[in-house]
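Enquirer:
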Amino acid sequence: MKLRVENLRASLGGARVLRGPSFEVEGPSFIGLVGPNGAGKTTLVRAIAGLIPFEGDISLGGISVDAIEARARARKIAYLAQGAESHWPLTAERLVALGRLPHLEPFRAPQPADEEAIEHAMELADVAQFRHRDVLTLSGGERARVLLARALAVEANLLLVDEPVSSLDPYHQLGVMDVLRAYVDRGRMVIAVLHDLSLAARFCDRLILLDEGVIHADGSPAQVLTPETLRAVYRVEAQIGGEGRSFFVQPMKRVE
Amino acid sequence: MRRHSYLLVNLGLALAAAIFFLASIYVGRGGELLLAKLHATDGTDRALAWLILEEVRLPRALLGLLVGATLGLTGAALQGLLRNPLAEPGLIGASSGAALGAVLVFYFGLASGTAMLVPFGGVAGALVALGILYLLAGRDPSITTLVLAGVAISAFTSALTSLALSLAASPYAIYEIIFWLLGSFTDRSMDQVRFAAPFMLLGAVLVASTGRGLDALTLGEDTAATLGFNQPSLKARAVLGTGLAVGAAVSVTGVIGFVGLVVPHLVRPLVGHQPGRLLLPSALAGAALLLAADLLVRLPTGGPEPKLGVVTSLIGAPFFLWLILRTRREAP
Numbered sequence: 000m001k002l003r004v005e006n007l008r009a010s011l012g013g014a015r016v017l018r019g020p021s022f023e024v025e026g027p028s029f030i031g032l033v034g035p036n037g038a039g040k041t042t043l044v045r046a047i048a049g050l051i052p053f054e055g056d057i058s059l060g061g062i063s064v065d066a067i068e069a070r071a072r073a074r075k076i077a078y079l080a081q082g083a084e085s086h087w088p089l090t091a092e093r094l095v096a097l098g099r100l101p102h103l104e105p106f107r108a109p110q111p112a113d114e115e116a117i118e119h120a121m122e123l124a125d126v127a128q129f130r131h132r133d134v135l136t137l138s139g140g141e142r143a144r145v146l147l148a149r150a151l152a153v154e155a156n157l158l159l160v161d162e163p164v165s166s167l168d169p170y171h172q173l174g175v176m177d178v179l180r181a182y183v184d185r186g187r188m189v190i191a192v193l194h195d196l197s198l199a200a201r202f203c204d205r206l207i208l209l210d211e212g213v214i215h216a217d218g219s220p221a222q223v224l225t226p227e228t229l230r231a232v233y234r235v236e237a238q239i240g241g242e243g244r245s246f247f248v249q250p251m252k253r254v255e
Numbered sequence: 000m001r002r003h004s005y006l007l008v009n010l011g012l013a014l015a016a017a018i019f020f021l022a023s024i025y026v027g028r029g030g031e032l033l034l035a036k037l038h039a040t041d042g043t044d045r046a047l048a049w050l051i052l053e054e055v056r057l058p059r060a061l062l063g064l065l066v067g068a069t070l071g072l073t074g075a076a077l078q079g080l081l082r083n084p085l086a087e088p089g090l091i092g093a094s095s096g097a098a099l100g101a102v103l104v105f106y107f108g109l110a111s112g113t114a115m116l117v118p119f120g121g122v123a124g125a126l127v128a129l130g131i132l133y134l135l136a137g138r139d140p141s142i143t144t145l146v147l148a149g150v151a152i153s154a155f156t157s158a159l160t161s162l163a164l165s166l167a168a169s170p171y172a173i174y175e176i177i178f179w180l181l182g183s184f185t186d187r188s189m190d191q192v193r194f195a196a197p198f199m200l201l202g203a204v205l206v207a208s209t210g211r212g213l214d215a216l217t218l219g220e221d222t223a224a225t226l227g228f229n230q231p232s233l234k235a236r237a238v239l240g241t242g243l244a245v246g247a248a249v250s251v252t253g254v255i256g257f258v259g260l261v262v263p264h265l266v267r268p269l270v271g272h273q274p275g276r277l278l279l280p281s282a283l284a285g286a287a288l289l290l291a292a293d294l295l296v297r298l299p300t301g302g303p304e305p306k307l308g309v310v311t312s313l314i315g316a317p318f319f320l321w322l323i324l325r326t327r328r329e330a331p
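Chains A and B, in that order, are what the protein sequence lines are.
Residue numbers for the first sequence follow numbering that gives the first Met the number 0, beginning at 0 and rising by one.
Residue numbers for the second sequence follow numbering that gives the first Met the number 0, beginning at 0 and rising by one.
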């Protein structure tokens, strides 16, 4: 399956947020979408998720996403919003089961395939032990994993996650990144908006660095996260070291 | 296992509604039973008993069933749609529109001529209120816009109702309006039931179709949209269905408060908080509760019968207070 974004333009409240980024993703891949605040990362993800109107083209497997019927599209593209929450005190299992809604036939009970997907997702996100607990009584880290399991349960080929780790402690940050990595390793595509550049570099196959609505750099973490790009885009001097799973970026001071 | 318990809860509530429905047909003023008279040897007595059954008790019991189910169902649906446990069916303005429409029929002295004009005016009022809501809120309203528009419509129609009361020409019209507004199932005809029932059923079908969409809304509107649920369509079905059903209910029975608010809260401990799963048991519990309340008001033997709408509010308001206190304790 191939995701193709071409000359994407979108505005929020009259201000142009995306100024024509284009990129392609093919096959199983973990894409980190990085960039400073206001770069257009969330807008890009929301456009792919079908939540905002846009100009240009987004296609999945050669078909423009606008042309895909809503339920079919919901089975292909899953979305975990930034700061996602549950409005009702559902049990973790029932919350995860909501991810199967696009797969349910009208007036039909969930099928064995749905039960399996729910179990799989809970296992992958390591939340099966909370199955019968009210999600609102779970800790922030536990609840984040349950909400992630909900998105995994869709079993979509493309999973979009917006800042999945920003409110979590290091232990739970690593936990969520491991879960996303495992999802990719099962042959799927993940696009994650990330602020923690070290985490992004360690877990992602490829980074897309967005700045003021255009792509500033696109490539492997080592190619994208250089002292020059950090200075130009993030306006920080940073120490960069290590490689692969020990790659780190340490912002030191602002560029005046 | 838990799917069985969901089924059991629904069966239990359906059974309770059925028992109260039969009781509503056979139990009269002061607890007098109609059963013996239906098989009386005296032909006149028997004919009279059947007449009471068909013309008085049956419409009353049917209204209890339909209106109770309507209020329970739409209350649960609106709480799910607005993601707010304090929402109730009157919030979108259709029921106060219906009340105004019916009151205008009394005001112009038309009710004494044709009793059917009251529900007709009520449904017309509800439809006008829904039309104004649509104009105010637009095609894809936010939840806040929807609630604000509904509150504005309710406030305005209530003011007009008060105006009609204060300007009413005869004391008799005032008396009629006030008594009607209090909400009751007594002296309603089968014709009125036949007129209102299709609106309630159509509304119920629309609302019932939102079940899974309401489940998805647990995760917020954006996530619900990415789960394949068209938000404008979901809101339109929930609001239009609620307006039609509750508007029709109010047109026949007057305003019956607190049932739509309270019933979903009674059902949640039994089936959980998932909005879609609340719809059916809330409808059944609403029917059972309102039929039971209507039995309660006819038990006293002396004096005028207490109005049903007054009784439901008398029981419902303290429960509402308790709910507020509990919510405050849970979220300090």
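Even for Gly, the Cβ is constructed at its ideal location relative to N, Cα and C.
Taking the beta strand (DSSP E) that M251 of chain A belongs to, which residues open and close that run?
Expert: F247 to R253
Enquirer: Along chain C, which residues have their Cβ under 7 Å away from the Cβ of L137 of chain A?
Expert: As a matter of chain content, chain C is missing from the structure shown, whose protein chains are A and B.
Enquirer: Taking Cβ to Cβ, would you say A332 of chain B is nearer than 8 Å to M199 of chain B?
Expert: Lying outside 0 to 331, the shown extent of chain B, residue 332 of chain B is not represented and no answer is given.
Enquirer: Step through the CB atoms of chain A and report whether any lies within less than 8 Å of the CB of L243 of chain B.
Expert: no
Enquirer: Using a beta-carbon distance cut-off of less than 9 Å, what residues from the region 227–256 of chain B approach chain A?
Expert: G227, F228 and N229
Enquirer: For M176 of chain A, count neighbouring Cβ atoms within 10 angstroms of its own Cβ and tell me buried if that reaches 16, exposed if not.
Expert: Label assigned to M176 of chain A: buried.
Enquirer: In chain B, what lies closer than 8 Å to A83 of chain A by C-beta?
Expert: L218, G219 and T222
Enquirer: With 16 as the cutoff for other CB atoms within 10 Å, does D184 of chain A come out buried or exposed?
Expert: exposed
Enquirer: Closer than 9 Å between beta carbons: that is the criterion. Which residues of the region 268–280 of chain B meet it against chain A?
Expert: Result list: G271, H272, Q273, P274 and R276.
Enquirer: Between the region 139–153 of chain A and the region 96–105 of chain A, are three or more C-beta pairs nearer than 8 Å?
Expert: Touching, yes.
Enquirer: Which residues in the same chain have their Cβ closer than 6 Å to the Cβ of G240 of chain B, if we skip the five residues on either side of it in sequence?
Expert: Beyond the five residues adjoining it in sequence on each side, G240 of chain B comes within less than 6 Å, by CB distance, of G202, L205 and V206 in the same chain, given in chain order.
Enquirer: Look at the alpha carbon of R142 of chain A and the alpha carbon of V134 of chain A, and state the distance between them as a whole number of angstroms.
Expert: Taking the straight line from one Cα to the other gives about 6 Å.
Enquirer: Is there a C-beta anywhere in chain A that falls below 8 Å from the one on M0 of chain B?
Expert: Because M0 of chain B sits at a pLDDT of 42, beneath the cut-off of 50, its placement in the model cannot be relied upon, and the following sentence gives the value as read from the coordinates. Output row for M0 of chain B: interface = no.
Enquirer: Classify Y174 of chain B as buried or exposed, calling it buried when 16 or more other Cβ atoms lie within 10 Å of its own Cβ.
Expert: exposed
Enquirer: Please look up how many angstroms separate the CB atoms of Q230 of chain B and A114 of chain B, rounded, as I've assumed it's under 8 Å.
Expert: Not really, about 41 Å apart at Cβ, beyond 8 Å.
Enquirer: Exposed or buried, Q128 of chain A, counting other C-beta atoms within 10 Å across all chains shown (16 or more means buried)?
Expert: exposed
Enquirer: Check whether the Cβ of R70 of chain A lies closer than 8 Å to any Cβ atom in chain B.
Expert: Interface residue, yes.
Enquirer: Roughly how many angstroms lie between the CA atoms of L33 of chain B and L47 of chain B, to the nearest whole one?
Expert: 10 Å
Enquirer: Does the count of Cβ pairs from the region 21–39 of chain A and the region 200–211 of chain A closer than 8 Å reach three?
Expert: yes
Enquirer: Just how far apart, CA to CA, sit E242 of chain A and D65 of chain A?
Expert: In a straight line, the C-alpha of E242 of chain A is about 40 Å away from that of D65 of chain A.
Enquirer: So, are the CB atoms of G39 of chain A and L167 of chain A less than 8 Å apart?
Expert: no
Enquirer: Would you kindly work out how many angstroms separate the C-alpha atoms of H272 of chain B and P250 of chain A, rounded to a whole number?
Expert: 45 Å
Enquirer: Taking the beta strand (DSSP E) that M188 of chain A belongs to, which residues open and close that run?
Expert: M188 to V192
Enquirer: Is Y182 of chain A close to chain B, meaning its C-beta is less than 8 Å from at least one C-beta of that chain?
Expert: Taking Cβ atoms only, chain B never reaches closer than 8 Å to Y182 of chain A, which makes this a no.
Enquirer: List the residues that DSSP assigns as beta-bridge partners of Y78 of chain A.
Expert: A:L159
Enquirer: Looking at E92 of chain A and I117 of chain A, is the spacing between their C-beta atoms short of 8 Å?
Expert: yes
Enquirer: For chain B, check one thing: does any of its Cβ atoms lie closer than 8 Å to the Cβ of I76 of chain A?
Expert: yes
Enquirer: Thinking C-alpha only, which one of A:R201, A:D217 and A:L159 is nearest G34 of chain A?
Expert: The shortest Cα separation from G34 of chain A among A:R201, A:D217 and A:L159 belongs to A:D217.
Enquirer: Does any C-beta atom of chain A lie closer than 8 Å to the C-beta of T225 of chain B?
Expert: yes
Enquirer: When we look at the beta-carbon of V150 of chain B and count the other beta-carbons within 10 Å, is it buried (16 or more) or exposed?
Expert: Answer is exposed; the Cβ neighbour count stays below 16.
Enquirer: Could you tell me the distance, in whole angstroms, from the CA atom of V254 of chain A to the CA atom of Q238 of chain A?
Expert: 13 Å
Enquirer: Beta-carbon separation of G256 of chain B and S312 of chain B under 8 Å?
Expert: yes
Enquirer: Could you list the residues in the region 12–33 of chain A with a C-beta less than 7 Å from some C-beta on chain B, going in chain order?
Expert: Of all residues in the region 12–33 of chain A, none has a Cβ within less than 7 Å of some Cβ in chain B.
Enquirer: What does the alpha-carbon distance come out to for the pair T90 of chain A and V126 of chain A?
Expert: 11 Å
Enquirer: Give me the subset of the region 188–219 of chain B whose CB atoms are less than 8 Å from a CB atom of chain A, sorted by chain position.
Expert: R211, D214, A215, L216, T217, L218 and G219
Enquirer: What residue ranges within the region 111–150 of chain B form continuous alpha helix (DSSP H) runs of no fewer than 4 residues, ordered along the chain?
Expert: As summarised for the region 111–150 of chain B, the continuous alpha helix (DSSP H) elements at least 4 residues long and confined to that stretch are 116–136, given in chain order.
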